[in-house]
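Asker: Residue numbers (my numbering): 311 to 506.
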Amino acid sequence: MPLFPVLTGTTPAGESFCLARLRREDLPPLVQAFQNLELTTYLGGNGFTYSEAEEAEWLEDNLKNPAGQVLFGIYDQTQTLIGSVALREINHRTGTAELGVAIYSPANWGRGFGSGAVLLICQYGAFHLSLYNIMLKVFAFNERAIRAYQKIGFREIGRRTGAAMLGQERFDEVYMELLTTGLDVSELRRQIQQLG
Ligand SMILES: CC(C)(COP(=O)(O)OP(=O)(O)OC[C@H]1O[C@@H](n2cnc3c(N)ncnc32)[C@H](O)[C@@H]1OP(=O)(O)O)[C@@H](O)C(=O)NCCC(=O)NCCS
Numbered sequence: 311m312p313l314f315p316v317l318t319g320t321t322p323a324g325e326s327f328c329l330a331r332l333r334r335e336d337l338p339p340l341v342q343a344f345q346n347l348e349l350t351t352y353l354g355g356n357g358f359t360y361s362e363a364e365e366a367e368w369l370e371d372n373l374k375n376p377a378g379q380v381l382f383g384i385y386d387q388t389q390t391l392i393g394s395v396a397l398r399e400i401n402h403r404t405g406t407a408e409l410g411v412a413i414y415s416p417a418n419w420g421r422g423f424g425s426g427a428v429l430l431i432c433q434y435g436a437f438h439l440s441l442y443n444i445m446l447k448v449f450a451f452n453e454r455a456i457r458a459y460q461k462i463g464f465r466e467i468g469r470r471t472g473a474a475m476l477g478q479e480r481f482d483e484v485y486m487e488l489l490t491t492g493l494d495v496s497e498l499r500r501q502i503q504q505l506g
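Put into structure tokens, the structure is as follows:
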């Protein structure tokens, strides 16, 4: 199936990427990604890897757009799946949601894809879902992620002391939030006006 980009962005280095709905053929890169213990550790699955069957079940669930969640694949300019980004626990009455993101290959970390994708989905959440407050949880040892979130405007709002373990050491779980009132949604507004 061809890829149908929903939102597009560009990294500071000028590499374009897009957010699009996942497809069944995305299963092999997903399975490959979730054999990496470093990736699964950052995502809270210390020591876990995920089999093809587990990933297939996860993918099937997400193809059906589960209630209270929006998940997009992140694709580079060659239309290769390089990650995913999601708003979960969406509460339309309060305008709140939780963010999750992963760039799958360490070779693609630190290249601007993660912060770019997070910014796009937060703008989408503000404009299309009327979200007011987006929060996330991140382990204190994940300094790259914290830096990426800070760049977009997330700020720390608290910590759960020692709630993460890595290599027999305890680390805090950091809570961060972004208020969407400061986000520029003019590009999304322009896209809608083109339809009218
Ligand atoms: C977290 C993640 C989404 C961030 O995306 P990314 O594309 O790597 O991040 P970006 O390139 O947009 O920004 C990273 C920033 O951290 C900096 N950085 C890179 N490595 C770093 C490190 N080891 N320590 C501190 N900062 C670091 C970069 O220089 C950059 O900041 P700058 O633009 O001011 O120079 C991505 O790294 C990832 O998916 N990691 C594995 C899974 C994960 O941690 N998910 C989040 C769980 S909460």
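Even glycine gets a Cβ: it sits at the ideal position worked out from N, Cα and C.
Closer than 8 Å is the cut-off here; do at least three beta carbon pairs connect the region 421 to 436 with the region 470 to 482?
Answerer: Touching, no.
Asker: What would DSSP say about Tyr442, mapped onto helix, strand or coil?
Answerer: In the sequence shown, the residue the question calls residue 442 occupies position 132. Three-state DSSP puts Tyr442 in coil, outside helix and strand.
Asker: Would the C-beta of Asn452 count as close to ligand 1, meaning under 6 Å from any of its heavy atoms?
Answerer: One-based indexing of the sequence shown puts residue 452 at position 142. True, at least one ligand heavy atom lies under 6 Å from that Cβ.
Asker: In the DSSP assignment, what residue or residues form a beta bridge with Val341?
Answerer: Walking along the sequence shown from the start, residue 341 turns up at place 31. For Val341, which the question treats as bridged, DSSP gives no partner whatsoever.
Asker: Which residue's Cα is closest to the Cα of Tyr459: Ala417, Glu479, Ser440, Leu430?
Answerer: Start at 1 with the first residue of the sequence shown, and residue 459 comes out as number 149. Among Ala417, Glu479, Ser440, Leu430, the Cα nearest to that of Tyr459 is on Leu430.
Asker: Does the beta-carbon of Arg457, which I'm using as the reference point, lie nearer than 6 Å to any heavy atom of ligand 1?
Answerer: Mapped onto the sequence shown, residue 457 falls at position 147. Arg457 Cβ: within cutoff of ligand 1.
Asker: Check whether the Cβ of Phe481 sits closer than 6 Å to any heavy atom of ligand 1, and report yes or no.
Answerer: Numbered from its first residue, the sequence shown carries residue 481 at position 171. Flag unset: Cβ of Phe481 not near ligand 1.
Asker: Can you list, in chain order, the residues of its chain with a C-beta nearer than 8 Å to that of Gly299? Leave out the 5 residues immediately preceding and following it.
Answerer: Residue coverage of the chain in this structure runs from 311 to 506, which leaves residue 299 outside it and unanswerable.
Asker: Starting from Arg385, follow its DSSP beta bridges and name the residues at the other end.
Answerer: In the sequence shown, counting from the first residue as 1, residue 385 sits at position 75. Here residue 385 is Tyr; the residue named in the question, Arg, does not match the sequence. For Tyr385, which the question treats as bridged, DSSP gives the partners Cys328, Leu391.
Asker: Is Ser425 near ligand 1, judged by its Cβ being under 6 Å from some heavy atom?
Answerer: Numbered from its first residue, the sequence shown carries residue 425 at position 115. Yes, the Cβ of Ser425 comes within 6 Å of a heavy atom of ligand 1.
Asker: Would you report the Cα separation of Ser361 and Gln504, rounded to the nearest angstrom?
Answerer: Numbered from its first residue, the sequence shown carries residue 361 at position 51. Numbered from its first residue, the sequence shown carries residue 504 at position 194. Approximately 43 Å between the Cα atoms of the pair.
Asker: Ignoring anything shorter than 4 residues or poking outside the region 434 to 483, list the alpha helix (DSSP H) runs there in chain order.
Answerer: Counting whole runs of 4 or more residues, the region 434 to 483 contains the alpha helix (DSSP H) stretches 453 to 462.
Asker: Are the beta-carbon atoms of Gly383 and Leu446 separated by less than 7 Å?
Answerer: Reading the sequence shown from its first residue, position 73 is the one you call residue 383. Reading the sequence shown from its first residue, position 136 is the one you call residue 446. Taking 7 Å as the Cβ cut-off, Gly383 and Leu446 do not qualify as a contacting pair.
Asker: Can you give the Cα-Cα distance for Ala343 and Thr491, rounded to whole angstroms?
Answerer: Translated into positions along the sequence shown, residue 343 becomes position 33. Translated into positions along the sequence shown, residue 491 becomes position 181. The alpha-carbon atoms of Ala343 and Thr491 are separated by roughly 35 Å.
Asker: Taking the straight line between their C-alpha atoms, what separation do you get for Gly357 and Thr350?
Answerer: Translated into the one-based positions of the sequence shown, residue 357 becomes position 47. Translated into the one-based positions of the sequence shown, residue 350 becomes position 40. Between Gly357 and Thr350, the C-alpha separation is close to 7 Å.
Asker: Can you give me the C-alpha to C-alpha distance between Glu479 and Pro339, rounded to a whole angstrom?
Answerer: Taking the first residue of the sequence shown as position 1, residue 479 is located at position 169. Taking the first residue of the sequence shown as position 1, residue 339 is located at position 29. When rounded, the distance between both Cα atoms is 31 Å.
Asker: Between Gln379 and Leu397, how many whole angstroms is the CB-CB distance? I'm expecting something under 8 Å.
Answerer: Locating residue 379 in the sequence shown gives position 69, counting from the first residue. Locating residue 397 in the sequence shown gives position 87, counting from the first residue. With 8 Å as the limit, Gln379 and Leu397 qualify as a contact, their Cβ atoms being about 7 Å apart.
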